[in-house]
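Asks:
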Amino acid sequence: MVYCCKPLVAVYCLSISTTKMPALSATKFLRLLQTFDEKELNAFDAWLRSPWCNSNKNLPRLLEKLKRYHPKFDKRKLDKETLFHEVLPQGKFSDRRMNNLLSEAYLAAEQFLAFHRFSHKPGLQQALLAEEFQGRYLDDWFFRNAGQEIERLEAMEVKDWESQLNLYRLYRLIYHHPNQNPRMQPGGSPIGKMGAQADLLYLLEKAAIINEMMARNRLLRGEDHDVAAELKKWEAVGEGVQHPSIDLYRMRFAFLAENQLSQYWALRDAFLNNRGQHNEREQKLHLVSLLNDTMAFIKSGQLDITDSLPLYQLGLETGVLLHQGQLSRNTYTTIVIASNTKGTFDFTTHFIETYTAQVEKNIRNDCYNWARAHTAYWQQNLEECLAILKRHTFKAPYFQLIGRVLNTQVYFDLFLKDESYQRYLFSYFDTFEKWLGREKVWSKSAKASFLRFVQICRPLARYHADAGPETQKVEHLLRRERNVQALNWLKQKKEEVLRLKAGKTPRPEPGD
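Taking the numbering used here, the leading residue of the sequence shown gets 24, the next gets one more, and so forth.
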């Protein structure tokens, strides 16, 4: 029995010796350190070296050893045991002791981040200091400090959300102070100011929520927020309240209720002309909402794609369009299309060279080649556009779709210049349509706008080849289209085909 147990013991020991400890990079402390930039890392180092902030002398040494591997911490020699001996050269390695050290370092990093954020919030510091003075019965200091901070906040032409909140907190502290003299003075000024500030806080935050509810009702299935009831409460509280952002919300809610193009332009002009009256948060919310409105009107054919470009340029300038430093695929392609349609090729080139690096890494190559091909097409360099499309194989399904749309546009333009392309163009229509039918990546509804694009291109080409519908039917094409790709381009091609058919000299125009 003893002999039989020996191999089992050996196997057990072997399993222990080969068991891998969790990678250091997976620990909470290192994951948090990966988010630190160089300036924050140096500030954290100083924090750990201060006895007031940290009582563990091993933590500064731990950070010092880790700094050389920041930010990826992916070196093979960076393991727990090696790090342990670098930090505690005289100590005997213990996984538990190392884990305790890393846990303590993580808690120190949490405290540092909280203090770091607090140190950049002077308004919050003053509000908390006022509370401390009140709690310590230093009434003269409290009223002086609170009064000075209220004066500073009220003097601000544009207040951010935290400033509005701090103003309310200070009014509330003064009104509810144990000393009753201030609130018992005739006129009720403290309670009036506290109430007005509470109303304003409610109106601003509730308006943002109602705006989001409206958008979700419009865009998402299964959402059915009672916007009318929420608006009724909001309007009741807001009666008589004058504030630039509240006035803009009133315009927005009136526009969303009626959805009139004239109201859209009034709202857009009001925002752009008075943008400086709104804080950064409200600017972002209204700009994003306006972009959504604009794209809805473009899809319905009431606006041109170029009408969106100034808003997108403002979004790039302010960073609103960049989420965690990244630009979405749809935003990237829309900006390229809008800029090229408008003919602002210098801006397109600048945009491609600057912002291609801001899209997801796995689609950057597709973005870059599609954007260059699209720009070449709009510059009427059809051969260059085709050359780029032939050299590059699109990997992302979305770019496979819009790449085929661009190919179709090139062949259509070549056909308008030289009717010998007729057979090739109609063959491409059939190929594109069959490919859409076979493609399983996209749902039927997602492919509908691309299919409709082909279905409208075909009668236009037939009409130009003297084998299509009557002139009146062509003139009515696109009249009620709401879900079709390259709607602006199709409208241009329709007008161009009608001019050619009428025997007029066509104006040299590119496609979409």
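Backbone N, C-alpha and C define an ideal beta-carbon position, used for all residues, glycine too.
1. Whole angstroms are fine: how far does the CA of L510 sit from the CA of K524?
2. Are F278 and L254 closer than 8 Å when you measure CB to CB?
3. Measure the Cβ-Cβ separation of W257 and A221 and say whether it is below 8 Å.
4. Rounded to whole angstroms, how far is the Cβ of Y444 from the Cβ of Y434, which I believe are closer than 8 Å?
5. With three or more beta-carbon pairs closer than 8 Å as the criterion, would you say the region 152–171 touches the region 75–86?
6. With respect to the alpha helix (DSSP H) encompassing P267, which residues constitute its N-terminal and C-terminal limits?
7. Would the region 55–63 and the region 101–108 be scored as touching if the rule is three or more Cβ pairs under 8 Å?
8. When the Cα atoms are used, what is the spatial distance from L188 to Q402?
9. Enumerate in chain order the residues of its own chain whose CB-to-CB distance from G348 is below 8 Å, with the five nearest sequence positions on each side excluded.
10. Can you tell me whether DSSP reads Q203 as helix, strand or coil?
11. If you reduce the DSSP assignment to three classes, tell me which class H346 lands in.
12. Whole angstroms are fine: how far does the CA of E504 sit from the CA of Q336?
13. Assign N202 to buried or exposed, taking buried as 16 or more other Cβ atoms, counted over all protein chains shown, within 10 Å of its Cβ.
14. Leaving out the 5 sequence neighbours to the left and right, which residues in its chain are closer than 8 Å to L429 when beta-carbon positions are compared?
15. With contact counted as at least three CB pairs below 8 Å, one residue from each stretch, are the region 474–489 and the region 452–459 in contact?
16. Using the beta-carbon count (16 or more within 10 Å), is G526 buried or exposed?
17. Hey, would you say K517 sits closer than 8 Å to V497, going by beta carbons?
18. Please report the straight-line C-alpha distance between K144 and K418, rounded to a whole angstrom.
19. Might you give, ordered along the chain, the residues of its own chain that have their beta carbon closer than 6 Å to the beta carbon of R427, omitting 5 neighbours on each side?
20. At what residues does the alpha helix (DSSP H) containing E63 begin and finish?
21. Using C-beta distances below 7 Å, list every residue in its chain close to F370, excluding the 5 sequence neighbours before and after it, in chain order.
22. Can you list, in chain order, the stretches of the alpha helix (DSSP H) that have 4 or more residues and sit fully within the region 101–175?
23. Helix, strand or coil for F417? Go by DSSP, reduced to three states.
24. Exposed or buried, E305, counting other C-beta atoms within 10 Å across all chains shown (16 or more means buried)?
25. With distance defined between alpha-carbon atoms, name the residue in L161, S450, K88 and L190 nearest to R175.
26. Any heavy atom of the ligand SAH within a distance shorter than 7 Å of the CB on G324?
27. Between which two residues does the alpha helix (DSSP H) containing A238 stretch?
28. Please list the terminal residues of the continuous alpha helix (DSSP H) segment that includes I479.
29. Under a Cβ-count criterion, where at least 16 other Cβ atoms within 10 Å of its own Cβ denotes burial, should A132 be classed as buried or exposed?
30. Would you call R522 buried or exposed, if buried means 16 or more other Cβ atoms sit within 10 Å of its Cβ?
31. Could you say which of F52, Y129, A137 and F67 lies nearest to K95 if we only look at CA atoms?
32. Which of helix, strand or coil does DSSP assign to L543?
33. Going along the chain, which residues of its own chain have a beta-carbon closer than 7 Å to the beta-carbon of L326, five neighbours each way excluded?
34. DSSP on F96, reduced to helix/strand/coil?
35. Which one of C390, R244, T367 and N385 has the shortest CA to CA distance from Y378?
Replies: Quick answer:
1. 21 Å
2. no
3. no
4. 6 Å
5. no
6. P267 to E281
7. no
8. 52 Å
9. Q381
10. coil
11. strand
12. 28 Å
13. exposed
14. W393, A396, H397, Y400, C408 and L412
15. yes
16. exposed
17. yes
18. 46 Å
19. F455
20. E61 to L71
21. S362
22. 103–110, 118–142 and 145–158
23. coil
24. buried
25. L190
26. Among the ligands in the structure shown, none appear at all, so the ligand SAH cannot be discussed.
27. S212 to L242
28. K467 to H487
29. buried
30. exposed
31. F52
32. Within the shown structure, residues of the chain are numbered from 24 to 535, placing residue 543 beyond reach of any answer.
33. T317 and F320
34. coil
35. C390
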